[in-house]
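Under this note's numbering, the first residue of the sequence shown is numbered 2, with each subsequent residue one higher. Ideal Cβ positions, reconstructed from N, Cα and C, are used throughout, including at glycine. Below is one structure; the comments refer to it alone.
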Amino acid sequence: MSYLERIQNSWQFLVDCARFLKKNPDLFVLPLISLAALGGILASLIGYSSLHFGQVLSLYDKSPIALIAGLAGLYFILSFIVLYFNASLVTCVMQRLQGTHLSVFRGLRLTLKHAGPLLQWTLISSTVCLLINSLERLHSAIADFLSLIFGFSWAVTTYFVLPVMIAEGKGPIKAFKLSIQLIGKGWRKLLSVNTIFYLILLGLVVIGYGLLYFFPQFIEVLPINLPVLVFLFVSWLVISKTFNVIFNCALYLNIQGKSIHQFNDESITRMMAKQQ
């Protein structure tokens, strides 16, 4: 198969993902709940810290390790909340792609069965992310290069970890190893689909900057339009997260050679599933 044909098939694959998202708008509930939970926790902490700033500062002076440990624990809790709702979204999407309509709330309950492995994966992934962020804060050329390499490698090799953990019931280590194998097996599909996806994102960014450039008066009324911008930003986060999970799960099923019943053009799916 030529690269042009692969790009055409990848475009059709993304179109099928968009159609699936259009038919399943209730999936937006999960990222919305996740954002609401994170926002509620952070707002409560910010409010408490502002009211008791002196106590927080005193705690840092007396026992900085305790404060750092508390912040690390908070980071772990927030990471687990995000991961749990992402895993619940994966559960729902995986079932629906294979022809079983699973409600979002039943997906939340079923994901509880994977709570142990998800906690382990949260600990691993949050630790790695903290290490990468620590490298970035060193502000040296070598540290920036290493953080870029490690960050990219981590993002690529963990791409299919959640689908593997949910679909096959694997632990985090086995899921990580299998994710690497799947990347090696289907890197062409992954590359072509993501190339189109990020070209679309780039086009949207260019359009946005173009509108600001040709209509600078929009910046002058920015405070007035702030609620609208916040709404659009939250909507973008929810839609992009849901869409990312859909094509992540669809790619996983595709590379594994499993049928995707919810896609309209099954001939394209079968064509992409062939080993080239």
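query                                                                                                : result
I197 to N87 span [Cα, whole Å]                                                                       : 23 Å
Distance, E6 Cα to G40 Cα                                                                            : 44 Å
Environment of G117 [buried if 16+ CB atoms lie within 10 Å]                                         : exposed
Three-state secondary structure (DSSP) of N255                                                       : helix
Whole-angstrom distance between M166 and R97, CA atom to CA atom                                     : 17 Å
Residue span of the alpha helix (DSSP H) that contains G209, given as start and end                  : 173–215
Pairwise C-alpha distance: L213 and G172                                                             : 47 Å
Under the three-state DSSP convention, the category Y76 falls into                                   : helix
Beta carbon proximity, S148 to chain C, threshold 8 Å                                                : In the displayed structure, chain C is absent; only one protein chain is listed.
Cβ neighbours of H115 in the same chain (closer than 7 Å, five flanking residues each side left out) : A88, M166, I167
Burial state of V207, where buried means 16 or more other Cβ atoms lie within 10 Å                   : exposed
Close Cβ partners of S191 (< 6 Å) along its chain, the five nearest in sequence each way excluded    : Note on residue identity: the sequence assigns Leu, not Ser, to residue 191. Closer than 6 Å at the Cβ level, and outside the excluded window around L191, lies no residue.
Inter-residue spacing [alpha-carbon to alpha-carbon] between M273 and N255                           : The predicted model places M273 with a pLDDT of 49, which falls under 50 and marks its position as unreliable; any figure quoted below should be read in that light. Approximately 7 Å, taken between the alpha carbons.
For D145, the first and last residue of its enclosing alpha helix (DSSP H)                           : 142–158
Top-ranked residue by Cα proximity to V91, from F151, I150, T128, F29                                : F29
Nearest candidate by alpha-carbon position, reference V157, set N134, L147, L183                     : L183
Cβ separation of Y76 and F161, assumed to be a contact under 8 Å, to the nearest whole Å             : That belief does not hold up - the Cβ atoms of Y76 and F161 are roughly 24 Å apart, past 8 Å.
Per-residue DSSP class, three states only, for S64                                                   : coil
Between the CA atoms of C250 and F21 - distance to the nearest angstrom                              : 12 Å
Cβ-based neighbour list, I125, same chain, cut-off 7 Å, excluding 5 preceding and 5 following        : P173
Collapsed DSSP secondary structure at L28 in the structure displayed                                 : helix
Exposure of K23, with buried meaning 16 or more beta-carbon neighbours within 10 Å                   : exposed
Cβ distance (whole Å) where P32 is taken to contact K242 below 8 Å                                   : 5 Å
Backbone secondary structure at T243 - three-state DSSP                                              : helix
Distance, Y85 Cα to Q121 Cα                                                                          : 12 Å
Simplified DSSP state of H262, which is helix, strand or coil                                        : coil
As assigned by DSSP and simplified to three states, the class of Q1                                  : The displayed coordinates of the chain run from 2 to 277. Any statement about residue 1 would go beyond what the structure contains.
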